Structure formats: structure tokens, C-alpha cells
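Participant: Have a look at this one before I ask anything.
Chains as they are written, first to last, in the working numbering: chain A, 962 to 1064; chain B, 12 to 145; chain C, 31 to 708; chain D, 280 to 786.
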């Protein structure tokens, strides 16, 4: 059982991870948990990329995975900044609290 | 199909073992509620205050800076991998190899300089310093 | 002479400038804009004469000035594009008409100096602006080289008539007359518009002249037997021709849309002169002449034109007999005379129709201006029974008016005789083979008697006998600006017949039928637009009583005899010192005639009894069903909007859930359609 | 022309100039932190944007991206990671124009703000990202450019740190954005898995060479997830949830910036990805249906949701936000109308609409900025009778709104008209449905746009107002946008030609 032939397992794994992340987003109200869940989803994509890079025999996917990580970090940085000002304004990091604008 | 059996077995075992251990310990452990058990662990010292202390905002700033700059270095790796090969090859000139990465680093440096000048790495300002900065 | 034609747009542009000037600066000008109008129409007249000379020297002009829409179009005959343009067509017909229109307009402007300025009217800038715009519209209409442009200016002419008839808008009757004129002619114009659209969509062109004209296209279609919109080509040409004719009947005041014209007398008399002689009413007949090649291809349409014309001639003449108002008499005579022109056109007598159009323009302008003069003399009294004996007190008016009356009655050798006789002759020779035309001819002939009668009744009542009122005793004096146009037109009424002395030519064999040569392309001509071409197209057979000359003499003698008989009857009845009414002898017919055959009544009934309930029903439908649906839709939309925006709960977790749900729904729909789950 | 002599990477000059401007702003701020030299900062930003605009226009004029004898052809960069063609330049122009307008307007709007330099540098960074998006030709570069746009945008929306609305808007924008970009990346990974490539042309080649056989499901899911990413960027349903709040809460110039430039940039990558990487025929065989169907659905739903929700709003800014969603639906027609052998007409029309939209929508939001600057309040009633105090700006607002509604003869009418005729000319049932939805929604949109015009021009003011200030920068930007909305009308010939040519080139 070669890895290349078993690429579908990686897809399954990544999909599982993706769904866990999604589940987290849908159920968690803490902004930080939200961020973590997004990270999970991004990493699910990374798994795919790396697995397929191996499968297809080129490095494109791996390099892209590096970019994804870098951008994920940047995203977290911005996100944490926003969560900080959220806390300062609403005294909470619960994402369901700010509802001043709706409808 | 037999691939799936292996995976399934792994998943099953992976689930069963922790669940089983939790179940066993739940069954075996004595239940003695005591406030000390819920106290914050501070290496045996007497705890002062709760776990939910507010950290200074500077921690976040530094953490964020570290995070970003640390991850950006990841991008140096692919470049480093091909660097030697590229230097030896005649097809690409040195500027073409070095140029992009120098530009990248310069951009990072500008960012760092900006962060520095804006006090992001200035440690723990006293209120007086804050006043004087205003 | 090619260069001369480049000034052609100026013919129409001068009065337009006058319009603007009078409107903008009229108040500050010494004669309140009259001078601008006179100068402009004089310029137009001058240029028109130049055009006439140019055509006489063998040149014609057909060019496009502005192309305002070009597009692909799928037409019935297969042409695949259509162009909407403004263009100018100057051929013998339009050159002649230009001179007539600008001459009459010029004289009317001059006359207005005396009639309006002299009488201290207010609102003169508006009046002169209206006249300028009126002249501009009519001249542009004459210059038009395509049906759509013609239609536009046709409508503008109608608008101007509305403005001018309603000049005295503070009275009760003038605005109502203006509205009536506008609405009745508009009613005809609806058909015209439909006709324009029908012709455009059939042939893909609206040009009057040239290879690309709809006339030529219709000819081709008839020759090829192409089926057009499910009809045979001839039938379709008849239908479209009759649709256009709707506009003609409205504007030229033919039965049954003639009712507006007598009421239009509410406008200033000068405006009546312009409307009757040269512009509004003439526009209809001119349009028939302009696209005669098209009508010539449909015997049915021609017969209808001829019959309507003959009937209107008689119908209006009988009503003119009992009128007391001098202008009313003239109004019915106008309707009647245009009936003759239609009759002439309808029997293929293109030259005769145009000839009568020209002569009528002169003598009717004369008569109206004469009537205007009389009205000035009588201190704005229009009832003929209150006049009498003006002959000696206003000789110029009398003699010129008499010349016009003789022309109108068709007494030899005045111009009216020659043209009316030619119309009747053309009708007779065709009528000998066609019973319908013969009936039209008979009516036309009978109308000659009535024409002679009412004309001279008017002359005798107005000018002869003893003055019946104090104002007739001491008339107001009139100035040169009133006399000058009368003299010019009087001379023309006497002499214009020289243009086409067809009977004389036939008898003596001299080549003196100048107008026929003119229209037949002896001078300049546009291919396909000559009398010759038309004559070949018209499918009527012609018959004669024993010989051509005999027929002609017989017809001429008959009509002259009837005219003289009418005049003599009038003389016997009214040329006495103290004329009395003889209406009692008419019995019940008097009431019918007096009430204009109840034309207004039945049209009012049509409007009030039929159209109004229909309109009310439509309004109710609109108010309830349509508005209900519209309001319902808007309410539903707003309610829907209110629901839709509730999706936006403000809670970001819900957004994420909805987002994922939406995404999955999309996935499911697409997967279902794409068969991913099979 | 001289474009020939420059090295290849200068093809990206419009984006690079913006990047350099952003760096320059950082340098300025590093030299004198906390200085509030607004004129210098706004000036540098506007200058950078205008320089970028000038270069892009110059490139188009010089014939970059045009074939034929006098054309310079498409510039390919970094093994096809970037491509500078007519469409890229077209959208670079849109982005640069909007950025310039927003920079000028911000001079007044952000007058009292503490973090001036940060604001402008973030703005220009986001613009850089958008400009780069226009030229990106690989899923890698697209993703990076996308994030380069998004991250500063999040910060910009939340930049009023003490304003609850702004922070809430930033949070929502960020959370939905993070989720969407995760979905997008996952889609990228699936497409990569199916084809083994990330460069768009290479994907197309791989699809044609049957590399992806057997991966149809992955590919289909991947494409759908890519659509999700674009839908987020263009504020299309169901990824639109961030838009009303983000536009409402953000500083008004930023709302203008996001709803115009960011949307346009989102569309350009959608156009490029779907025309270049997924040829209809091959992809259709693999995944079992035409992906245009997805856009048909999205277009109809998006314009309906946007317009219906906008109809009953009380707050002007939020109404504009929803209308912006509606307009995204209109522009989606450009993708829905693609066919195997054509569609440049309808896609060109969508591009035109985005250009016109860049002016009229920016203008409308800038008017809101002006109103916020005056402090007149946020609802329709608060705007009552503004025309008495500020007729010029209100006249411009009238132009923007009527153009947005698509009233002839304004620019918005023509682009909508082209979209409509384009949709009709495709002729399929679904496209006729789309065209019908376009008409119905435009009619509805007239209702709420005219409501605002009525409030401003006809209604009497509820409160007595003093004379209102006339901030130079905001006024200049509004008047310029209004003039452009009108001027685009006579200029529509060349614009539509450029747009349709650009669309034809990528199809």
C-alpha cells in the first residue's frame, strides 16, 4: 500500500479536519475558538496540498502550503487585534454579543 | 477494501482506549469534593488570585510580532533550498536570485522599523512614559 | 444652379428664426415681432422663387440633411435596414408649393400689420411667434423628402393651428374651437401614424422619391406579387394608403372629420386665411399629391378619395348656403373646395388637383383677407345681415373681394373656373367608365350651383343693397397694409388661371398648359414623380362623349352654366335694396342645414355616449385591477423585503451557519442537477 | 512605445507603485510617528493611486494586452503566475480610481483620527492587493492577493477603535472572511488535487489532457468552494452576510472602497479563474454540469436578496450596503452568461457595470461620508431637506442614485442595458430568467433610491440645521465622481469597446 495510491485517505483526513473546524465555528461563541477552528480548516487544506503534491509529484502544493501558513499567521494577527478591540468595547470575547447592527 | 478495515480499526482503537480509560477511572475513583482541588496550581506556592489575570497588552503585541516574523521566515526555506543550485547554474544571474529575497527582507525590515518606531516593542511603559509620549 | 439648393433649408429656417425672435424679443420690438415675421417670410418667398427658377432651369434637389437613426430592421419585403432622416426634396411640386405657401404667409404677415397691430390687440408677440412657427412647420412639411419627417411637421402644423385658433384664449369659444381642431385632426393623425409605421415596416423606407422610395418598393412588390402581412400587395397598399389618408381627411377637413374647420373661425381672420389657403388644410391635399405615386397604384384608394372629395364638395356647399357669418360661409366653401381637389386627385387628375390647390390658395387667401378687411370696416361685426352697401364705401375691398368670389364661383375667366373645370373634366372622363366616379362627379357638379349661390349671396349681402346698420353706414377705414395684400391676391385670382388653360389649349392646339408641363418634367423633374409617370400608374379607363373636345366643352358649359345659375339665383334673391331671409322656403331642410347635418351632434354623441363610458370603464379597470395589482406587488415586495432582511440577525454565528447552509444548498442543487449523487 | 524596453516585471507597475506608496507611508510614519500631517499622508496616497492609474492607462493606450500588429501582446510574468492583459489593466484602473477618490475624501473624513498613517497605509496596501488580484493568474497568487486585500480591509473596517459599530463590523467581516478564505483555500487544495496544478492555464491544460479523470467530484466540490471564496469577496449570497454590517459600521470612505474596488477585484479574479482555468466544455464533461448554472442561481438570488432587503431599510448607509449586494448580483450575470463559444458581450457588460459602479457607488457612499462628517444622523429622515443647505452635493447624490437605479441617460443605465441585452442574446431559458430578474430588481431598486432623493430634495427638514461645512476633499471627490458618472455616457463607446475586447481576450 503505497502512499501515492492511498491519497484518498488524506482527503478523508483533511475533510474530517475541515468538518471539525466548521463544527467548531458553528458551535463556539468564543472568538478565539472561532479563530482556532478556522486554523483547523486551513490546516485541512494544507494536508490536502501536501498529500497531492506528493501524489502528483510536483512541489507546487507544498510551496503553497507554506504560503497558506504564513497567511494564516497574518490572519490570526489581525484577528487577535480585532478581538482585542472587541473586548475593549464589549467587555467580552463572545462573538454573539455584538448585535448593534442587524436587519 | 482491506485498507478501510485498517483505518477503521485504528479509529476504533483510537476512540475506545481513551473512552475506556475515562470510564474505568470514573468507576474506580473516589469522589471527594474539596475546594483545594479546584485551586490554581502554582508549583506548590500558595496561589494568589485566580487564573484569569489580565496580561499586559504588550504581551500580545510582542506575541503577534513574533508570530508574524517567525512565520515569514518559513518563506525563506524554499528559497534557501534552490539557492545553491541557482548560483551554480548559469541560466540565472545573481541579482535574479538575490533580488527578490532582498526585497522581501527589506519589506520586513521596513515593517519592523515601523513597529519599533511606533512603540510596539517598547517594553512596559510606565504611566509617566505614556504621558510624555503623548 | 446646384449652389442655390444649398440655401433650401433657409426657406424653413427664416420663419423659425422669426418665431424665436418674436417670442424672445417681440415685446421690445416696435411692431411686436411683425417686422421679423415679414422679413423672414419675404426671405422665404425670395428663396422659394429662386428654387422655382432653379427647377425651371432643369435642376432638382434631393438630399439628406441629418440622419438621426439607422438600424437593422426586418421588413416585409426583405430590405434589412431602415434609416430615419431629415431630408429635402425639391421638385416641381414642392417648388411650386413653397412659393404659394411663402407668398400667402408673407401677405398674411403684411395684412396682420393692419388687422392685428392696427386694432390694438395684445399678446402680439405670441401671435407673430405662432405665425412664424406655423409657416416654418408648413414649409418644412413641403420640403420633407420622407413620410416620417412629413408626419412630424404635419403634427407641428396641427399644434400651431391649435395655438393660433386659441389665440383669444380668454373667450369661451376660442379655446374650445382650438381644442376641437386639435382633437379632430389628431384623430385622423392616429391613422396617419399607423400608416407611417405600416409603410416603414413593410418596405423599410419612408422616402418619397428615388429608387429607395416606398413608392418604388410598392411598385416592385405589386409587380412581383409579394404577399405583404398576409394580404395581396395591392390590398396592402390600399390599406396603408387609406391609413395615411386618415391624416389627410382630418387636416384637409374632409367628411366626416370636417367639423373642426368652421369652428376654427374663432381664431383671428388672418390665421383663418393662413389655415385655409396655404398651410394646415392644404397640407392634407399636398400630402396626397406628394405621395400620389403610391395612391396611383391602388384604384380602390383613389376611388375612395374621389368619392369622399365629391361628397364633401356637395355636402359642405349645401351647408354654406344658410350661414349668416361671413367667415362661416368661407369656411364651408373651403371644405367644399378641398373636396374638389380630392376629387381631382382621386380620379388621377394630378395636375388638376394641384392646379386647383394653387388657385384656391390665392383666391381663398384673398377672400379671407377681404373678409378680414370687411370685419375691420364693420368694427368686428361678422353677421352679413348687419352689413350691406359696403361697395361704395370700400371700393378696393369690394373689387378684390369680387374677384375672389368670381374665382370661387368658377366664372370664366377667373382662375377658379379653369382649375375647377379641369377637375370636373377629369372626373367626367373617368366617370364615364366608372359609376362610382360618375356619382362623385355628379355631386361635384351639383356643388358648383351651390357654390355660385352662396358665394354671391355673401357678396350681395355684404356689399350691395342699403346699409342695414349704423356701422355699415360709417365703416372704419383700412390702411395700405390691408389693401396691398388684397390687390396682389386679387390680381392672382384673376390671372392665375393662365398657368394651365387646358380647354383653350385643346381648342386652339397651343402649348399653353404650363402647369402640366411643369409637373410633367418639362423643366426639372425627379424620376418617377412626374404627371406622366403617375398617369401610367393609374388604372382608370377614360371615356368620352363623342369626342374629347365635345366632352370638354360639354363639361365646361355645364359647370359654368350651373355656376352662373347659382349666381343669378343669388342675384334675384338677395341683390335687392332690402334683402330678406328666404330660409322659410327650405322648410325642414333649413334646420338640417343650419345644424350642419347634425355632424357635431353625432360626433359629440360618439364622444360622450360611447367613448366616455368606455373610458370610464377602462379607468375603473385601471384603478381597481391594474392599480390593485401594482399596489399588491409593491406591498408584497416591501413585505418580502422586510422578511428578507430579517435573515440578517446580527449574530455572527448565525451568519456562519446560514452561510454554510446556503453553500450546502447550492452544493445539493448543483449536485442533483449534475448527477453527482447517482 | 517605450513599454517594450522595460523589463518584464514592470508590467505589474500599477500594483508595484501602490506597494511602494504603502511602504513610503510606513517610512513616513516611522520617521515621525504620531505626526498627523494629514495633507502629506493623503497626498502621498492619492499621488500613488493616480500614478498607478496613469501607468495603467498608459499601458492600455500603448497596446498592452492587445493582439495584432500595434498591440504589445499579453505580458506573462513569473511563469504565468501573473498576467497583464487588457482585463487586468482595466480593473487596475477601476481600483486606482476608487483608491484615489477614497484617499482624497478621507482627508476630511478622518480628520480627527489618531492613526492617520496607519489608515492610509492600510488603504494603499489593500489597494495593492486588489491591483495584484487583477493580474493574478495562479491560484497561489490569487490567494495571496486576496489575503493582501482582506487583511488590511478587516483592520480598516475596525479602525474606529472606540466605535462599537466599527468594531462589531470589523469582527463580523473578519470572522466571515476567515471562514470564507478557509473554504476558498480548501477549494484550491481540491482543485490542485484534481489537476496537479495551480497555475490557471496549466489547470486548463490538465483538464483537457484528462489528468483529472476520476476526480470529477473533487473538482466539482473544489470549484464550488472557489465560487464561495469569490462570493465572499464580491458580497454575493450566501457569502454576503458580512456586507451589510461591514459597510454600515465601517468609516464611510472605507465602505465606498470595499463596495466598489474590492468588489471589482473579486469579480476580476472570478472572471479570470473561470474563463481561463475551467473551460466550459471540458469542465462540464468532468463535473456533469455547466458551472455557469451556479452563477445563474447566485445572480438571481443575490440581486433579489440585495434589492428586497434594501427596500425596507431605515438607514441610508445600510440601504446602500444592501444595494451593493444587489449590484453584485447584476455583475454576476457576466459569469452566468458565458457560453462555450462566446459570452464576451455579457462579460464585457459586467466589466462596464463594475467601472460605472466604481464611480456611482463610491460617490453615493462618499455622500454618506459627508453626511457623517456633518453629523446629521443616519436614517432617511435625518437626511430630509439636506438639499437646502448643500445643493451641489445633493445634486451629485441624485446623479449617483439615479445612475445606480439605471435611469437613462446616466452611465448606470447603459451598463445595465448592455447586461440586459447581453443576457437576452444568450437566449437560454435560465438567462432569460436572469434578465427578467434584472428588470424586476431594477424596478424595485428605483423605489428605494428615489426614496433617498425624495428625502434629500423634497422633504422638509425635521430639525433646524445651521449652515453645513463644505470640506474640500470630500466635495472634490464627490463632484469628480458625479462628473465621471455623467461623462462616462458620451465616453461609453470606447469604454464598452475596451471592456468587450478585454472580455473577448480572456474567453
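Here a beta-carbon is modelled for each residue, glycine too, at the ideal position from N, C-alpha and C. As the structure is a computational prediction, the values presented were derived from the model and not from experiment.
(1) Tell me the DSSP secondary structure of residue 98 of chain C in three-state form.
(2) How should residue 597 of chain D be labelled, buried or exposed, when 16 other C-beta atoms within 10 angstroms of its C-beta is the threshold for buried?
(3) Given that residue 580 of chain D touches chain B, what residues does it touch there, using C-beta distances under 9 Å?
(4) For residue 692 of chain D, which residues in the same chain have their Cβ closer than 8 Å to its Cβ, ignoring the five residues on either side in sequence?
(5) Determine the direct distance from the alpha carbon of residue 672 of chain C to that of residue 724 of chain D, and round the result to whole angstroms.
(6) Taking buried to mean at least 16 other C-beta atoms within 10 Å of its own C-beta, is residue 96 of chain C buried or exposed?
(7) The ligand COA and residue 245 of chain C: does any heavy atom of the ligand fall closer than 7 Å to the residue's C-beta?
(8) What's the C-alpha gap between residue 272 of chain C and residue 694 of chain D?
(9) Considering just the uninterrupted stretch of the beta strand (DSSP E) at residue 354 of chain D, what are its terminal residues?
(10) Just to check my reading of the structure: residue 44 of chain C and residue 515 of chain C have Cβ atoms closer than 8 Å, yes? What is that Cβ distance to the nearest angstrom?
(11) Note down the Cα distance separating residue 1039 of chain A from residue 511 of chain D, rounded to an integer number of angstroms.
(12) What are the start and end residues of the beta strand (DSSP E) that includes residue 113 of chain C?
(13) Compare the C-beta of residue 1060 of chain A with all C-beta atoms of chain C and state if any pair is closer than 8 Å.
(14) For residue 709 of chain C, which residues from the same chain have a beta carbon less than 6 Å from its beta carbon, with the 5 sequence-adjacent residues on both sides left out?
(15) Pull up the distance between the alpha-carbon of residue 281 of chain C and that of residue 312 of chain C, whole angstroms please.
(16) Can you pull the chain B residues whose beta carbon is under 8 Å from the beta carbon of residue 1027 of chain A, in chain order?
(17) Cα-Cα, which of C/695, C/145 and C/678 is closest to residue 1057 of chain A?
(18) For residue 9 of chain B and residue 448 of chain D, what's the separation of their Cα atoms in angstroms?
(19) Just the C-alpha distance for residue 744 of chain D and residue 1004 of chain A, rounded to the nearest angstrom, thanks.
(20) Give a yes or no on whether 8 Å exceeds the smallest Cβ distance from residue 705 of chain C to chain A.
(21) For the beta strand (DSSP E) containing residue 361 of chain D, list its first residue and its last residue.
(22) Compare the C-beta of residue 121 of chain B with all C-beta atoms of chain D and state if any pair is closer than 8 Å.
(23) If I'm right that residue 399 of chain C touches residue 585 of chain C with Cβ under 8 Å, what's the distance once you round it to whole angstroms?
(24) Please report the straight-line C-alpha distance between residue 129 of chain C and residue 434 of chain C, rounded to a whole angstrom.
(25) Below 7 Å on C-beta distance, what does residue 997 of chain A contact in chain B?
(26) Looking at the structure shown, is residue 31 of chain C part of a helix, part of a strand, or coil, going by DSSP?
(27) Taking the straight line between their C-alpha atoms, what separation do you get for residue 748 of chain D and residue 754 of chain D?
(28) Within 8 Å of any Cβ in chain B, is that where the Cβ of residue 965 of chain A sits?
(29) Give a yes or no on whether the minimum CB-CB distance between residue 419 of chain D and chain A is below 8 Å.
(30) By the three-class DSSP mapping on this structure, what secondary structure does residue 508 of chain C have?
(31) Using only the alpha-carbon positions, how far apart do residue 631 of chain D and residue 181 of chain C sit?
(32) Between residue 1041 of chain A and chain B, is any beta-carbon pair separated by less than 8 Å?
(33) Residue 1062 of chain A: buried (16+ other C-beta within 10 angstroms of its C-beta) or exposed?
(34) Nearest-angstrom Cα distance between residue 609 of chain C and residue 571 of chain C?
(35) Using the beta-carbon of each residue, which ones in chain D are nearer than 9 Å to residue 686 of chain C?
(36) If you draw a straight line from the alpha carbon of residue 759 of chain D to that of residue 387 of chain D, how long is it in whole angstroms?
Facilitator: On the basis of the data shown:
(1) As a position in the third chain, residue 98 of chain C is number 68, starting the count at 1. Residue state, collapsed to three classes: strand.
(2) Within the fourth chain, residue 597 of chain D is the residue found at index 318, counting from 1. Buried, since its Cβ has 16 or more Cβ neighbours within 10 Å.
(3) One-based indexing of the fourth chain puts residue 580 of chain D at position 301. None at all; the shortest Cβ gap to chain B is about 38 Å.
(4) Locating residue 692 of chain D in the fourth chain gives position 413, where the first residue counts as 1. Closer than 8 Å at Cβ, skipping near neighbours: 682, 685 and 686.
(5) Here residue 724 of chain D refers to the residue found at position 445 when the fourth chain is read from its first residue. Here residue 672 of chain C refers to the residue found at position 642 when the third chain is read from its first residue. So the two alpha carbons sit approximately 14 Å from each other.
(6) In the third chain, residue 96 of chain C corresponds to position 66, counting from 1. Counting Cβ neighbours within 10 Å, residue 96 of chain C comes out exposed, since fewer than 16 surround it.
(7) Absence of the ligand COA is noted for the structure shown, with no ligands found whatsoever.
(8) Here residue 272 of chain C refers to the residue found at position 242 when the third chain is read from its first residue. Here residue 694 of chain D refers to the residue found at position 415 when the fourth chain is read from its first residue. Going from the Cα of residue 272 of chain C to the Cα of residue 694 of chain D covers about 43 Å.
(9) Residue mapping note: residue 354 of chain D aligns to position 75 of the fourth chain, counting from 1. Residues 354–356.
(10) In the third chain, the residue the question calls residue 44 of chain C occupies position 14. In the third chain, the residue the question calls residue 515 of chain C occupies position 485. 19 Å between Cβ atoms; not a contact.
(11) On the first chain, residue 1039 of chain A is found 78 positions in, with the first residue counted as 1. On the fourth chain, residue 511 of chain D is found 232 positions in, with the first residue counted as 1. Each residue's alpha carbon lies about 18 Å from the other.
(12) For this step, residue 113 of chain C is matched to residue 83 along the third chain. Taken as a continuous stretch (DSSP letters only), the beta strand (DSSP E) holding residue 113 of chain C covers 111–120.
(13) Taking the first chain and counting its residues from 1, the one referred to as residue 1060 of chain A is at position 99. Yes, residue 1060 of chain A counts as interfacial toward chain C.
(14) Within the shown structure, residues of chain C are numbered from 31 to 708, placing residue 709 of chain C beyond reach of any answer.
(15) Reading the third chain from its first residue, position 251 is the one you call residue 281 of chain C. Reading the third chain from its first residue, position 282 is the one you call residue 312 of chain C. About 8 Å.
(16) Translated into the one-based positions of the first chain, residue 1027 of chain A becomes position 66. Going along chain B in sequence order, the residues near residue 1027 of chain A (Cβ under 8 Å) are 85, 86, 88 and 89.
(17) What you label residue 1057 of chain A is simply residue 96 of the first chain in a count that begins at 1. Nearest option by C-alpha distance: C/678.
(18) Any property of residue 9 of chain B remains undetermined from this structure, which presents chain B solely from 12 to 145.
(19) As a first step, residue 744 of chain D is located in the fourth chain; it is residue number 465 there, counting from the start. As a first step, residue 1004 of chain A is located in the first chain; it is residue number 43 there, counting from the start. When rounded, the distance between both Cα atoms is 56 Å.
(20) Walking along the third chain from the start, residue 705 of chain C turns up at place 675. Taking Cβ atoms only, chain A never reaches closer than 8 Å to residue 705 of chain C, which makes this a no.
(21) For this step, residue 361 of chain D is matched to residue 82 along the fourth chain. First-last of the beta strand (DSSP E) with residue 361 of chain D: 361–363.
(22) Sequence index remark: in the second chain, residue 121 of chain B carries index 110 (1-based). Residue 121 of chain B counts as touching chain D.
(23) For the purposes of this step, residue 399 of chain C is identified with residue 369 of the third chain, where counting begins at 1. For the purposes of this step, residue 585 of chain C is identified with residue 555 of the third chain, where counting begins at 1. So it is not a contact: roughly 31 Å between Cβ atoms.
(24) Here residue 129 of chain C refers to the residue found at position 99 of the third chain. Here residue 434 of chain C refers to the residue found at position 404 of the third chain. Their backbone Cα atoms lie some 20 Å apart in a straight line.
(25) Along the first chain, one-based indexing puts residue 997 of chain A at 36. Under the 7 Å cutoff, chain B gives no residues; its nearest Cβ is about 14 Å from residue 997 of chain A.
(26) Here residue 31 of chain C refers to the residue found at position 1 of the third chain. Low confidence applies here, because residue 31 of chain C scores a pLDDT of 43, under 50, leaving its location unreliable; read the following figure in that light. Residue state, collapsed to three classes: coil.
(27) Taking the fourth chain and counting its residues from 1, one reaches residue 748 of chain D at position 469. Taking the fourth chain and counting its residues from 1, one reaches residue 754 of chain D at position 475. Approximately 10 Å between the Cα atoms of the pair.
(28) Within the first chain, the letter at position 4 stands for residue 965 of chain A. Unreliable positioning characterises residue 965 of chain A in this predicted model, as indicated by a pLDDT of 46, which lies under 50. The coordinate reading is nonetheless provided below. Taking Cβ atoms only, chain B never reaches closer than 8 Å to residue 965 of chain A, which makes this a no.
(29) Numbered from its first residue, the fourth chain carries residue 419 of chain D at position 140. Output row for residue 419 of chain D: interface = yes.
(30) What you label residue 508 of chain C is simply residue 478 of the third chain in a count that begins at 1. Correct three-state label for residue 508 of chain C: coil.
(31) Taking the first residue of the fourth chain as position 1, residue 631 of chain D is located at position 352. Taking the first residue of the third chain as position 1, residue 181 of chain C is located at position 151. The straight-line gap from Cα to Cα measures roughly 38 Å.
(32) Along the first chain, one-based indexing puts residue 1041 of chain A at 80. Taking Cβ atoms only, chain B reaches closer than 8 Å to residue 1041 of chain A, which makes this a yes.
(33) Position 101 of the first chain holds residue 1062 of chain A. Classification of residue 1062 of chain A: buried, given that the 10 Å Cβ count is 16 or more.
(34) Counted from its first residue, the third chain places residue 609 of chain C at position 579. Counted from its first residue, the third chain places residue 571 of chain C at position 541. About 48 Å.
(35) Indexing the third chain from 1 puts residue 686 of chain C at position 656. Within 9 Å Cβ-Cβ: 454, 455, 458 and 520.
(36) Position 480 of the fourth chain, counted from the first residue, corresponds to residue 759 of chain D. Position 108 of the fourth chain, counted from the first residue, corresponds to residue 387 of chain D. For residue 759 of chain D and residue 387 of chain D, the distance between alpha carbons rounds to 16 Å.
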